[in-house]
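Protein chains in written order, with the working numbering: chain A, 60 to 178; chain B, 2 to 113.
If you want it as structure tokens, here you go:
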């Protein structure tokens, strides 16, 4: 079964509002989580890497004030899209690396993804 | 730095045909190698992996062998089904970099 859960799977929000996407590791401790963005028919674009208890490391070109990432515990990371605009509409995917429970320490596990539509 | 190169798609096959999707990599150290599958509208699922040279990962009829001498991890399946239609991503993860590296993905379309 799934070891990383993302929520919500689909969300529609109004332009100018903020929306939060959660990524949870199930039954294991996620020492590192990654957030990706994926445009239709394209590959994954790494947005940021987050380690529990520390600030996220953002990739070049990703606005950290717009895409707030919090990794407050070993099982939860959140991505908040602030002041969303239609161009932020995309598929956002999280992944995690960790240990314990059902996972191998050197394997990347993905959430189901979240479709964000900004209207 | 690390990199993964996948063959460009789409790959279009008839049902029961043999599938090969090429993947080559460059990496420092001894990375673990992965294939992920993404069905339309969904996230990525781990398909198979190999953690050291000459290891063969296999799952659901798919196989890939970690070839250090050719730095390759080609995905194969002897007889594809329509339900295998998806995008396949080759990836590597090296403890030294802590950031996984993905290929661009290869779309597979299987016709009845």
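All C-beta atoms in this analysis are idealised placements derived from N, C-alpha and C, irrespective of residue type, glycine included.
Decide if residue i is buried, meaning its Cβ has at least 16 other Cβ atoms within 10 Å, or exposed.
i: residue 80(B); result: exposed
i: residue 83(B); result: exposed
i: residue 130(A); result: buried
i: residue 40(B); result: exposed
i: residue 78(B); result: buried
i: residue 65(A); result: buried
i: residue 115(A); result: buried
i: residue 4(B); result: exposed
i: residue 107(A); result: buried
Residues in the same chain with beta-carbon distance under 8 Å from residue i, minus the five sequence neighbours each way, listed in chain order, please.
i: residue 14(B); result: 20, 81, 109, 110, 111 and 112
i: residue 124(A); result: 141
i: residue 109(A); result: 91, 92, 93, 94, 115, 116, 128, 129, 130 and 136
i: residue 158(A); result: 87, 88, 90 and 164
i: residue 12(B); result: 20, 22, 107, 108, 109 and 110
Are residue i and residue j closer than 9 Å when you measure CB to CB?
i: residue 156(A); j: residue 89(A); result: yes
i: residue 1(B); j: residue 104(B); result: As displayed, chain B neither begins before 2 nor continues past 113, which places residue 1(B) out of reach and without an answer.
i: residue 73(A); j: residue 177(A); result: yes
i: residue 135(A); j: residue 90(B); result: no
i: residue 82(A); j: residue 133(A); result: no
i: residue 167(A); j: residue 101(B); result: yes
i: residue 98(A); j: residue 150(A); result: yes
i: residue 173(A); j: residue 77(A); result: no
i: residue 171(A); j: residue 68(A); result: yes
i: residue 72(B); j: residue 25(B); result: yes
i: residue 118(A); j: residue 105(A); result: yes
Near residue i, which residues of its chain fall below 7 Å by C-beta distance, leaving aside the five closest residues on each side in sequence?
i: residue 8(B); result: 22, 23 and 107
i: residue 148(A); result: 175, 176 and 177
i: residue 67(B); result: 34, 51, 53, 54, 55, 56 and 74
i: residue 60(B); result: 48 and 49
i: residue 144(A); result: 74 and 177
i: residue 70(B); result: none
Grab me the residues of residue i's own chain with a C-beta within less than 6 Å of its C-beta, minus the 5 sequence neighbours each way, in chain order.
i: residue 112(A); result: none
i: residue 10(B); result: 107 and 108
i: residue 1(B); result: Residue 1(B) is absent from the model: chain B starts at 2 and stops at 113.
What whole-angstrom Cβ distance do residue i and residue j have, given they're in contact under 8 Å?
i: residue 95(B); j: residue 32(B); result: 4 Å
i: residue 45(B); j: residue 36(B); result: 10 Å between Cβ atoms; not a contact.
i: residue 64(B); j: residue 57(B); result: 6 Å
i: residue 76(B); j: residue 34(B); result: Going by Cβ atoms, the distance from residue 76(B) to residue 34(B) rounds to 10 Å, so no, they are not a contact pair.
i: residue 63(A); j: residue 154(A); result: 7 Å
Exercise. Mind listing which residues of the region 42 to 76 of chain B have their C-beta closer than 9 Å to chain A's C-betas, in chain order?
Worked result: Cβ contacts with chain A come from 42, 43, 44, 45, 46, 47, 50 and 52.
For this session: Could you name the residues of the region 139 to 162 of chain A whose beta carbon sits closer than 8 Å to any beta carbon of chain B, in the order they occur along the chain?
Result: Correct list: 152, 154 and 156.
Exercise. Going along the chain, which residues of the region 76 to 95 of chain A sit with their C-beta nearer than 8 Å to a C-beta in chain B?
Worked result: Of all residues in the region 76 to 95 of chain A, only 91 and 93 place a beta-carbon less than 8 Å from a beta-carbon of chain B.
Problem set entry | Cβ-based contacts, 8 Å cut-off: residues of the region 116 to 135 of chain A near chain B | Contact residues of the region 116 to 135 of chain A toward chain B are absent (C-beta to C-beta distance below 8 Å).
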